[in-house]
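Trainee: Residues 0 to 388 (numbering that gives the first Met the number 0) make up the sequence shown, in order. Where a beta carbon is used, it is the ideal one built from N, C-alpha and C, also for glycine. Shown below is the structure under consideration.
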Amino acid sequence: MPTPFREEHQHFRQTVRKFAEKELAPYAEEWEKAEIFPNEVFKRAGELGIFGAHYPEEVGGAGGDYWFSVAKSEELPRCLMAGVSMGLLVQADMATPVINDLGTKEQKAEFLTPAIKGEKIAALGVSEPNAGSDVAGIQTWAKKDGDDYIINGAKTYITNGCRADFVTLLVKTTQDQGAHGCSFFLVPTKTKGFSVAKKLKKIGNHSSDTAELAFEDMRVPKRYLLGEENMGFMYLMQNFQSERIIACTSACAGGSYMIDEAISYGRDRKAFGKPIIKREYWQHKFVDLTAKLEAAKALTYKGAEAYNDDKYVRKENVSMDTVKTISLAKIFVGDVMTEIADQCLQFHGGAGYVEEYHIARAWRDQRLFRIGGGTTETMRYYVAKLMGL
Ligand SMILES: Cc1cc2nc3c(=O)[nH]c(=O)nc-3n(C[C@H](O)[C@H](O)[C@H](O)COP(=O)(O)OP(=O)(O)OC[C@H]3O[C@@H](n4cnc5c(N)ncnc54)[C@H](O)[C@@H]3O)c2cc1C
Numbered sequence: 000m001p002t003p004f005r006e007e008h009q010h011f012r013q014t015v016r017k018f019a020e021k022e023l024a025p026y027a028e029e030w031e032k033a034e035i036f037p038n039e040v041f042k043r044a045g046e047l048g049i050f051g052a053h054y055p056e057e058v059g060g061a062g063g064d065y066w067f068s069v070a071k072s073e074e075l076p077r078c079l080m081a082g083v084s085m086g087l088l089v090q091a092d093m094a095t096p097v098i099n100d101l102g103t104k105e106q107k108a109e110f111l112t113p114a115i116k117g118e119k120i121a122a123l124g125v126s127e128p129n130a131g132s133d134v135a136g137i138q139t140w141a142k143k144d145g146d147d148y149i150i151n152g153a154k155t156y157i158t159n160g161c162r163a164d165f166v167t168l169l170v171k172t173t174q175d176q177g178a179h180g181c182s183f184f185l186v187p188t189k190t191k192g193f194s195v196a197k198k199l200k201k202i203g204n205h206s207s208d209t210a211e212l213a214f215e216d217m218r219v220p221k222r223y224l225l226g227e228e229n230m231g232f233m234y235l236m237q238n239f240q241s242e243r244i245i246a247c248t249s250a251c252a253g254g255s256y257m258i259d260e261a262i263s264y265g266r267d268r269k270a271f272g273k274p275i276i277k278r279e280y281w282q283h284k285f286v287d288l289t290a291k292l293e294a295a296k297a298l299t300y301k302g303a304e305a306y307n308d309d310k311y312v313r314k315e316n317v318s319m320d321t322v323k324t325i326s327l328a329k330i331f332v333g334d335v336m337t338e339i340a341d342q343c344l345q346f347h348g349g350a351g352y353v354e355e356y357h358i359a360r361a362w363r364d365q366r367l368f369r370i371g372g373g374t375t376e377t378m379r380y381y382v383a384k385l386m387g388l
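Structure below.
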């Protein structure tokens, strides 16, 4: 496949790489232990143009295509903690694309531009205690009251949720209509009735904050309704495609890093008189893992190319063919990453099970991939439907 990256993408890639390696990675232990990274990281990423490379210039972006997002997501894992990478990608590619697509001039000025600059922290609020995969089953309810909506309900597992300035929030605006009764709102977290109910403790991605949110008679003006009322589910399905591709590109980059680190470890570590990497058993294992990683990356790039063609070249909604490719990538990358992480840990022996080596954290962190942004099983369920099965 010819490389989609031109000189300006490579230049941007270097900026992100330097940021991840020099300004983030040295703090990995500290931020993982603190179970949060500083808010200033958002500000700094904004100053470097990391959030806005793929957004139009009129909202404060650089007017680039989707391959800027891909380049960014491939370099951020060099910070050696998926939590920071995830927090920043939520800001750039999960909570804000829907604002760029649908927001009014005023909404973009109030939410998108400050998010691109890193001056406001964004979160995406979709999952609820009683509805994750089955998004149409959400229960958070926005009742119309004159020119306002009164929102009651709860969200859970919300990345950046403990310190977000606003949440791109999916709620129900019409009862008993399933997917056809959902709407998106932009909700400043200083709104009366909004609260962080709990900071959740996780098995990995420790440096990112994950919250349970509660809304009690939270009055939100109609000007914060994003796009059309009751069209939220369709908007979310569009938004998910960017989120899933970026999760895949980022995971593949992390997988490549795990293989490189393991091979380097195996050159030094000796058993039965020679470096463990000299054992044919492991050499063939790494050859197979590399083949699978290349295949996963190729499928992911196919999805990214289709997404870029739909959204940036034709400037249309993501097609069903593109959705299918992206869903297949999410399934395949998940399976491959699980195998890479597990084999790389195994190759480290006992060293893989202690915190001194990065593989322990990488193994824990990658486990989220098959759950977040649509589980592997749900992806299979959607693709089976798309295949007419
Ligand atoms: C660390 C972390 C960060 C997250 N960040 C965010 C965020 O920022 N914003 C946000 O809105 N959400 C976020 N999520 C939520 C995430 O998207 C959900 O956890 C995910 O969509 C799964 O939903 P669930 O947890 O409710 O699982 P459930 O929907 O309860 O699924 C439970 C099991 O049932 C399976 N299942 C469900 N439906 C089917 C089916 N049709 N066929 C076969 N099996 C099925 C699932 O695959 C899974 O194995 C985050 C989650 C985590 C853990």
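Name the DSSP beta bridge partners of residue 224, please?
Mentor: BP columns for residue 224 point to 184.
Trainee: Please confirm whether residue 178 and residue 135 have their CB atoms less than 8 angstroms apart.
Mentor: Contact flag set, yes.
Trainee: Tell me the DSSP bridge mates of residue 150?
Mentor: Per DSSP, 141 and 217.
Trainee: What would DSSP say about residue 453, mapped onto helix, strand or coil?
Mentor: Residue 453 cannot be examined here, being either before or after the span of the chain that is shown, 0 to 388.
Trainee: Using a Cβ-Cβ cutoff of less than 6 angstroms, which residues in the same chain neighbour residue 25 once the five nearest sequence positions on both sides are dropped?
Mentor: If we look at residue 25 and ignore the five residues flanking it on each side, it has no Cβ neighbours.
Trainee: Measuring only the C-alpha atoms, how far is residue 110 from residue 274?
Mentor: Distance between the alpha carbons of residue 110 and residue 274: 54 angstroms.
Trainee: Which of the three DSSP states is assigned to residue 103 in this structure?
Mentor: Note: residue 103 maps to coil in three-state DSSP.
Trainee: Count the CB pairs spanning the region 226 to 236 and the region 169 to 178 that are closer than 8 angstroms, and state whether there are at least three.
Mentor: Touching, yes.
Trainee: Pull up the distance between the alpha-carbon of residue 259 and that of residue 2, whole angstroms please.
Mentor: Their Cα atoms are separated by approximately 22 angstroms.
Trainee: Using beta carbons (cut-off 8 angstroms, strictly below), is residue 186 in contact with chain B?
Mentor: The chain labelled as chain B is not found in the depicted structure, where only one protein chain is given.
Trainee: Over the uninterrupted beta strand (DSSP E) stretch that includes residue 47, give me the two end residues.
Mentor: Element bounds for residue 47: n/a, residue is neither H nor E.
Trainee: Does residue 395 pass the burial test, meaning 16 or more other C-beta atoms within 10 Å, or should it be called exposed?
Mentor: What is shown of the chain runs 0 to 388, which leaves residue 395 out entirely.
Trainee: Go through its chain and collect everything with a Cβ distance to residue 16's Cβ below 8 angstroms, but skip five positions before and after it.
Mentor: Hits under 8 angstroms: 74 and 77.
Trainee: How should residue 128 be labelled, buried or exposed, when 16 other C-beta atoms within 10 angstroms of its C-beta is the threshold for buried?
Mentor: Exposed, because fewer than 16 other Cβ atoms sit within 10 Å of the Cβ of residue 128.
Trainee: State whether the region 203 to 218 contacts the region 360 to 377, with contact taken as three or more CB pairs (one from each stretch) at a distance under 8 angstroms.
Mentor: They touch, by the three-pair rule.
Trainee: What runs of the alpha helix (DSSP H), each 4 residues or longer, lie entirely inside the region 229 to 290?
Mentor: For the region 229 to 290, whole alpha helix (DSSP H) runs of length 4 or above, ordered along the chain, are 231 to 267.
Trainee: With distances taken between CB atoms, is the gap from residue 131 to residue 157 smaller than 8 angstroms?
Mentor: Their beta carbons are not under 8 angstroms apart, which means residue 131 does not touch residue 157 by this criterion.
Trainee: Apart from the five residues just before and just after residue 79, which ones in its own chain have a Cβ nearer than 7 angstroms to its Cβ?
Mentor: Closer than 7 angstroms at Cβ, skipping near neighbours: 24, 27 and 357.
Trainee: Compute the minimum distance between the beta carbon of residue 279 and the heavy atoms of ligand 1, and state whether it is under 7 angstroms.
Mentor: Residue 279: no, Cβ never under 7 angstroms from ligand 1.
Trainee: What would DSSP say about residue 356, mapped onto helix, strand or coil?
Mentor: In the structure shown, residue 356 sits in coil (DSSP, three-state: anything other than H, G, I, E or B).
Trainee: Which value, in whole angstroms, describes the spacing of the CA atoms of residue 54 and residue 99?
Mentor: Their Cα atoms are separated by approximately 8 angstroms.
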